Every structure is written in structure tokens, then in C-alpha cells.
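*Asks:* Could you have a look at this structure, given as C-alpha cells, before my questions?
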Ligand SMILES: Nc1ncnc2c1ncn2[C@@H]1O[C@H](COP(=O)(O)OP(=O)(O)OP(=O)(O)O)[C@@H](O)[C@H]1O
Ligand SMILES: [Mg+2]
């Protein structure tokens, strides 16, 4: 696989939500591709379909029509269990809030995806501890989520997402619940992971501060892509 | 293993609910086991009482006596029958009796009684009534016409120690015979004696019906009552060619309604078990459904991270498993302690109620609540609880497994 080949691609992807007789076209024949190492921001007003597209890229939701290909494999028709296994093996997630399991410590949350993959305790420790140190949480590894700030919780979620070295990480409004300072430092972290580690990152946001950090901005409106431009990050 | 640890922690997120559920399971399980123990013990007690009531595990009469109760149907060769019975395995004692059905009258009234002519010494291995004597003795003195009655009969007929009483019955020729007795003993309320029974000595009873050396009944006391059928069969074979025909019955053939009643009492414990199980099942299903429903978002997150539906279900089962194993173990512990208490000391029901206690139509002398462990029932009970809990967790687990990650994570947004 060459570096300009798409790690994730959608073709004529549509998602229609039916509520009684009303149909909501959340995505209309979207063609989107993301290459390895990219940092893409999905922008657009509320209801434009950003989350819907992220869920499709993350095999969380089956499309109404069209296809999604990840790492050369079509994932559109995977069953629920197969999709779950696929996500575990290939995709990292950071959500807006309630990312962590409240009964687990920061460390246990961070290693959870590795644990699900069946990685041994020693290996998990060798992978997760340096990452926690790197995001500045080495001293807080034994804290439960309620003992961490929102920004610290999101960092733990980032460690959990990147620990298994996924093909790409999807983040849906990861900073929406944070104050501007925590928000900025989380973005610093994501930017650094993208630049120094080559992490492929697709995030959705309508926050200008966030969008400004991305190297490519894809704009959505009413379920269609209306803009796609590279930008040099500030 | 990690699922169990996670389950353990999840249980302690809501300690109140977990403690209430665990207590409910523990206590109902302990109650179930104790019911088993007590009912098994009272089953043994009732069987024992039934043998005493019947007069032995196996009974020999002249043929037709059991149906007619005719006073003139007597065993012609009681000594020979006793000797033959003694040769059989499991036979510990033989007890000869004369049984006269008649009317006992005193100046203040009359009552129909079954007068048992017995040899007090011979009766002792089966039923020793001496400790239950309130006044006088149980046929100990060498009176010519002794009569021992229970306190109820004494009260009914206004009898006191030394009073006279007359028994009227049909003699072997079908004519009315009368005999005079003097009350020589009155038994205490807790003797377990039926109101319609009175005792006299063997010679005195023999005189009433002109029995001579003949006897109405020979009761067999066995080393093991469970062998009664085979002993009866063997004795029947031995006595097949007797000069005068005999009938050999086990106590449950002589008193068939007794065994049915005792068995019904035993099935009651199972019914109780069933009720406990059903209540437990709904309680657990409800608890775990609640705990799944309040964690929809979290379970959705797990699914998004790559936990398969099967593993999500397993997480829910792990929680129930932890809760159940803990509760069942504690339930066993409590039930065992109760069992040891009951089997060592028992609870004196007679003392509690101050009354005679009748179980399944059998007067019980040993009025202590006791306990015996039937390992099969105890193991089956535990397995039953585990099965019920697993079954009740199925629906909550299914709900958890079916959660759609996107929908689940939108909840409470
Ligand atoms: N489960 C659903 N059922 C019905 N309609 C839905 C569902 N999920 C999304 N929609 C609709 O699809 C459209 C796109 O929603 P989506 O959540 O993708 O928007 P978004 O760009 O992420 O918005 P926001 O910035 O507010 O998060 C909206 O009109 C929304 O109402
Ligand atoms: Mg959204």
C-alpha cells in the first residue's frame, strides 16, 4: 500500500433516517477518501451530517446505500459482531463525552482496547505507561474518571484510541465539552501525534479553533460535501 | 477473568442495590435449604411415629382381622410365629398384643376404645410409654385388672387413678362380655397417645375375650424400617402353610392414608422451593435489567470500542455470576449453621405450643424441630439457584447485547 492510497474511502454513501413517514437524508451520495497520515476536519453546521459520516467511517452504523472501504476491505456489509471485531483491530475512537468506564482507573481505561485484543499484561503496560506519561497523566494513572478533569479524561481516551496502533482515529467533537485552554492542549496533543507519529486522524467539529488545526477541511451541508481544501495549520 | 473483575466492580457501583439483591438471594436460599433439612427430619420423625402408631413395621394377624377387627379372629400359634419371625434378617423384636374393640364406661360417661393388651417390657423397644406417665405407672405394678388411659380419655370419662371402668365388647361367641378394670395409670398430654386407645396387661385382655394363649397381633420391630417389604414377603412365605391362615401387612399397608399424608408433607418442601425460585428469578431479572438500562450509554461505548454483542452479554452474566456465587456460598453457610443448631439442639415445638402436635395424622412424640441434610437436595437446591439466576440474567444480557452503539451513545445527550 502506498502512502497516497486511501486508508478509508466512501463511494456514493447515503444514509437516510426514517422516522414514521418522514425521511431525513443525513448523507447524500458522499464520496470521501482519507489517506494515511492525514489530519482531516469534518466541518459544517449542526445537522449537516458530520457525526453520521464519522459513524459510517467507523462501521458503527450500516449505510442505506453506497459503500465504505477501509484498508482495502469493504466493510459495508459486516455483521454486528464482525464489525465490532473490525473496529477493535483497525479503528480508534474518541467521543465527545462519557468516554471512559467509570469503574476503571485511568490506566485500566487506557489499556482496555489492548486488553480486548488479548495483549498480555506486561505488553499492555509497556505500551500504555509511556503514552500516559507522554500525555502528562503518568502520576494520575490510578485515578478513576470522576477524579480527572474533562481534558484529562479526553487524554486517557486518546491513549486508549492510539494504544493498539489503529489504521486511523475518529474523533467526534472531542473538545466540545472542554474549556478553551484544555481544548487547546488536547489539540496540541492530537497535532503532535499526527505530525511526529503519522497518526491518521479524522475529526468532526464546528469549532473554528479546532478546524484551524487540521491540514485538510471537508465541509458538509445537508448531507453533501460542499468544500474540500488543504490548509497549512496555524 | 477480567470480565469477572469488571463485573465485581460494576456490582459495587450501586452497593445498596447489590447488597439488597445478595441478601434476598442469600436468605431465600438459606430458608429453602433449612426447609429441606427440617422437612427431611420431620419426614424421618413421621415415619418413626407412623411405625409406632401402627404397632410395628410389619404386623401379623389372623387372616381377615385387618378388615373385620373381629375380636374372635386370633392367631392360633403366636409363639411359633414369633420364633419364625426371629429367624428372619432385620427382625429385632416381636411384640404380641391382644386388641379388643369395645365401649369403655365410667359413672360419668362412655367412649369407644381400642383396648390394647400388651406386655410393657415387650413394647419398650418400639414405644416406651413409661416416661409419659403422669400418675400411676405404665403396667408396672402386678395388678390383676390394670387400665392405662391418656389424659383426654380420662378427662372425658372423669377417670382418676384407682377409679373403676367397665369395658363392654363382643366375645368370641358374639355375646356381650363385660370386664371390670381399675385405672392404674394416666398418661401426659405429650405422650402422643390417641384418644381412642387404652392399655391393659396381656393376661387381663386375654381374659376379656377368652384368648388363652392366642393373640390378636404380633408386631415386628425391624433394625431398618425400610426393609419392611422384604421382611413381610419372607414372613408370608414362611407362614404360607400354617394350620390357621394368617395375614402379614407392612405398616403402610395397614395404614395406607398415613404414608400418603407423610409423602404430601414432603412434596410441600419442593413446592416451597419452587415459589422461592420464581420470586428469586423475577427479583434478579428486574435488578439486572435496571442495571443494564441505566448503563445503556456505557454499554454502547463498549460496543463502539469493539466489544462484540456476545461479550457484552458475557459481561452481564459475569456480574450475575459474581453476585450469585457469593450469595449461594453465604446461603450455604447460614443454612449449615442453622442445620447444626437444629440437629444438635432442635427447637421444642411442644414447649412452644404447649400442645400435642399431630403431623399428617400421626401423633408425634419427639416434638423437636430437627434437621437432616439430604445431600442430593442441598446440591440440587444450589444448582437450581445458579440455573435460575443464569436464566433470569438472559433477558437483561440480551438487551445489552442488542444495543446499537450509535443509538446507545446518543442516550442522555
Ligand atoms: N438516529 C437518528 N434518527 C433520526 N435522525 C437522525 C439520527 N441521527 C441523526 N439524524 C439526523 O441526521 C442529520 C445529520 O445528523 P448528524 O448528527 O450527523 O449531524 P451533525 O453534523 O453531527 O450535527 P451536530 O454538529 O449537531 O453534531 C440531522 O438532521 C439529524 O437530525
Ligand atoms: Mg454530531
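Protein chains in written order, with the numbering used here: chain A, 93 to 326; chain B, 36 to 448.
Backbone N, C-alpha and C fix where the C-beta goes; we use that ideal spot for every residue, glycine too.
What you are looking at is a predicted structure, and each value in this text was computed from that prediction instead of being measured.
1) Could you tell me which whole alpha helix (DSSP H) segments of length 4 or greater appear in the stretch 307–379 of chain B?
2) Might you give, ordered along the chain, the residues of its own chain that have their beta carbon closer than 7 Å to the beta carbon of residue 163 of chain A, omitting 5 neighbours on each side?
3) Could one say the Cβ of residue 36 of chain B lies closer than 8 Å to chain A's Cβ atoms, at least one of them?
4) How would you label residue 368 of chain B, buried or exposed, when you count the other beta carbons within 10 angstroms and need 16 or more for buried?
5) Around the Cβ of residue 111 of chain A, are there at least 16 other Cβ atoms within 10 angstroms (buried) or fewer (exposed)?
6) Evaluate the contact criterion for the stretch 220–237 of chain B versus the stretch 160–176 of chain B: three or more CB pairs, one atom per stretch, below 8 Å.
7) Can you name, in chain order, every residue of its own chain whose Cβ lies under 6 Å from the Cβ of residue 172 of chain B, other than the five neighbours on each side?
8) Okay, do the stretch 136–153 of chain B and the stretch 269–283 of chain B touch, 3+ Cβ pairs below 8 Å being the bar?
9) Between residue 140 of chain A and ligand 1, is there a pair consisting of the residue's CB and a ligand heavy atom that are separated by less than 7 Å?
10) In terms of DSSP beta bridges, what is residue 320 of chain A paired with?
11) Could you tell me which of A:97, A:105 and A:128 sits nearest to residue 257 of chain A, measuring between CA atoms?
12) So is residue 331 of chain B in contact with chain A if we call contact Cβ pairs under 8 Å?
13) Specify the secondary structure class of residue 137 of chain B as computed by DSSP and reduced to three states.
14) With a threshold of 8 Å on Cβ separation, who are the neighbours of residue 308 of chain A within its own chain once the five nearest residues in sequence on each side are excluded?
15) What residues in its chain sit with their C-beta under 8 Å from that of residue 138 of chain B, if we drop five residues either side in the sequence?
16) Hey, is residue 102 of chain A's beta-carbon within less than 8 Å of any beta-carbon in chain B?
17) Indicate, with yes or no, if ligand 1 has a heavy atom lying under 7 Å from the CB of residue 136 of chain A.
18) With H, G and I counted as helix, E and B as strand and the rest as coil, what does DSSP make of residue 267 of chain A?
19) Given 7 Å as the limit, tell me if residue 148 of chain A has its C-beta closer than that to any heavy atom belonging to ligand 1.
20) Return the residue from the list B:407, B:433, B:445 and B:438 that minimises the CA-CA distance to residue 74 of chain B.
21) Output needed for residue 203 of chain A: all residues of its chain with C-beta closer than 6 Å, excluding positions within five of it in sequence on either side, in chain order.
22) What's the C-alpha gap between residue 439 of chain B and residue 107 of chain A?
23) Compute every distance between the C-beta of residue 264 of chain A and the non-hydrogen atoms of ligand 2, then say whether any falls below 7 Å.
24) Taking Cβ-Cβ distances shorter than 8 Å, what residues in chain A pair up with residue 48 of chain B?
25) When the cut-off is 8 Å and only beta carbons count, does residue 177 of chain A lie next to chain B?
26) Can you find a CB in chain A that lies within less than 8 Å of the CB of residue 394 of chain B?
27) Nearest-angstrom Cα distance between residue 390 of chain B and residue 226 of chain B?
28) Is the Cβ of residue 173 of chain A closer than 8 Å to any Cβ of chain B?
29) Are at least three pairs of beta-carbons, each pair with one atom in the stretch 231–251 of chain B and one in the stretch 150–158 of chain B, less than 8 Å apart?
30) Return yes when the C-beta of residue 116 of chain A is under 7 Å from any heavy atom of ligand 1, and no when it is not.
31) Is the CB of residue 441 of chain B under 8 Å away from at least one CB in chain A?
32) Among B:44, B:55, B:63 and B:41, whose alpha-carbon lies nearest the alpha-carbon of residue 311 of chain B?
33) Give me the DSSP bridge partner(s) of residue 185 of chain A.
34) With a cut-off of 8 Å, do at least 3 Cβ pairs link the stretch 353–360 of chain B to the stretch 45–54 of chain B?
35) Could you check which residue in B:347, B:318 and B:72 has the C-alpha nearest to that of residue 331 of chain B?
36) So which residues of chain A does residue 457 of chain B contact, with C-beta pairs closer than 7 Å?
*Replies:* Considering the structure as presented:
1) 331–340 and 344–379
2) What you label residue 163 of chain A is simply residue 71 of the first chain in a count that begins at 1. Around residue 163 of chain A: 99, 182 and 259.
3) Walking along the second chain from the start, residue 36 of chain B turns up at place 1. Note that residue 36 of chain B scores a pLDDT of 45, beneath 50, so its modelled location is shaky; the value from the coordinates is reported in the next line. Cβ-Cβ to chain A under 8 Å: no for residue 36 of chain B.
4) Reading the second chain from its first residue, position 333 is the one you call residue 368 of chain B. Flag for residue 368 of chain B reads exposed.
5) Counting from one through the first chain, the residue named residue 111 of chain A turns up at place 19. Exposed, because fewer than 16 other Cβ atoms sit within 10 Å of the Cβ of residue 111 of chain A.
6) yes
7) Residue mapping note: residue 172 of chain B aligns to position 137 of the second chain, counting from 1. Excluding sequence neighbours, residue 172 of chain B sits near 220.
8) no
9) One-based indexing of the first chain puts residue 140 of chain A at position 48. Within the cutoff, so yes.
10) Locating residue 320 of chain A in the first chain gives position 228, counting from the first residue. Note: residue 320 of chain A sits in a beta bridge opposite A:310.
11) In the first chain, counting from the first residue as 1, residue 257 of chain A sits at position 165. Considering only alpha carbons, the answer is A:128.
12) On the second chain, residue 331 of chain B is found 296 positions in, with the first residue counted as 1. Not an interface residue.
13) Against the second chain, residue 137 of chain B aligns to sequence position 102. DSSP places residue 137 of chain B in strand when its eight states are reduced to three.
14) Residue mapping note: residue 308 of chain A aligns to position 216 of the first chain, counting from 1. Within the same chain, residue 308 of chain A has close Cβ partners 130, 131, 132, 133, 320, 321, 322 and 323.
15) On the second chain, residue 138 of chain B is found 103 positions in, with the first residue counted as 1. Excluding residues within five positions, the ones whose Cβ falls inside 8 Å are 145, 146, 147, 148, 202, 203 and 204.
16) As a working mapping, residue 102 of chain A is identified with position 10 in the first chain. No - not a single Cβ of chain B is within 8 Å of the one on residue 102 of chain A.
17) For this step, residue 136 of chain A is matched to residue 44 along the first chain. Yes; taking the cut-off as 7 Å, the Cβ of residue 136 of chain A has a heavy atom of ligand 1 nearer than that.
18) In the first chain, residue 267 of chain A corresponds to position 175, counting from 1. Looking at residue 267 of chain A - three-state DSSP - the assignment turns out to be coil, as it is neither helix nor strand.
19) What you label residue 148 of chain A is simply residue 56 of the first chain in a count that begins at 1. Result no, Cβ not under 7 Å from ligand 1.
20) As a working mapping, residue 74 of chain B is identified with position 39 in the second chain. When only C-alpha atoms are compared, the closest one is B:407.
21) On the first chain, residue 203 of chain A is found 111 positions in, with the first residue counted as 1. So the list reads 216 and 220, once near-sequence residues are dropped.
22) In the second chain, residue 439 of chain B corresponds to position 404, counting from 1. In the first chain, residue 107 of chain A corresponds to position 15, counting from 1. Answer to the nearest angstrom: the Cα atoms are 16 Å apart.
23) Counting from 1 along the first chain, the entry for residue 264 of chain A is found at position 172. Yes, the Cβ of residue 264 of chain A comes within 7 Å of a heavy atom of ligand 2.
24) One-based indexing of the second chain puts residue 48 of chain B at position 13. The answer, in chain order, is 194 and 195.
25) Translated into positions along the first chain, residue 177 of chain A becomes position 85. Yes, contact with chain B.
26) Within the second chain, residue 394 of chain B is the residue found at index 359, counting from 1. Low local confidence applies: a pLDDT of 45 at residue 394 of chain B is under 50, so the model's placement there is unreliable, and no value is given.
27) Working through the second chain from its first residue, we reach residue 390 of chain B at position 355. Working through the second chain from its first residue, we reach residue 226 of chain B at position 191. Legend: pLDDT at residue 390 of chain B = 45, less than 50; position of this residue unreliable, no value from coordinates given.
28) Residue mapping note: residue 173 of chain A aligns to position 81 of the first chain, counting from 1. True, the Cβ-Cβ gap to chain B drops below 8 Å.
29) yes
30) Counting from one through the first chain, the residue named residue 116 of chain A turns up at place 24. The answer is yes for residue 116 of chain A.
31) Along the second chain, one-based indexing puts residue 441 of chain B at 406. Output row for residue 441 of chain B: interface = yes.
32) Position 276 of the second chain holds residue 311 of chain B. Of the listed residues, the one whose Cα sits closest to residue 311 of chain B is B:63.
33) Here residue 185 of chain A refers to the residue found at position 93 of the first chain. Note: residue 185 of chain A sits in a beta bridge opposite A:262.
34) yes
35) As a first step, residue 331 of chain B must be located in the second chain, where it is residue number 296. Nearest of B:347, B:318 and B:72 to residue 331 of chain B, Cα basis: B:347.
36) Absent from the structure is residue 457 of chain B, since the part of chain B shown begins at 36 and ends at 448.
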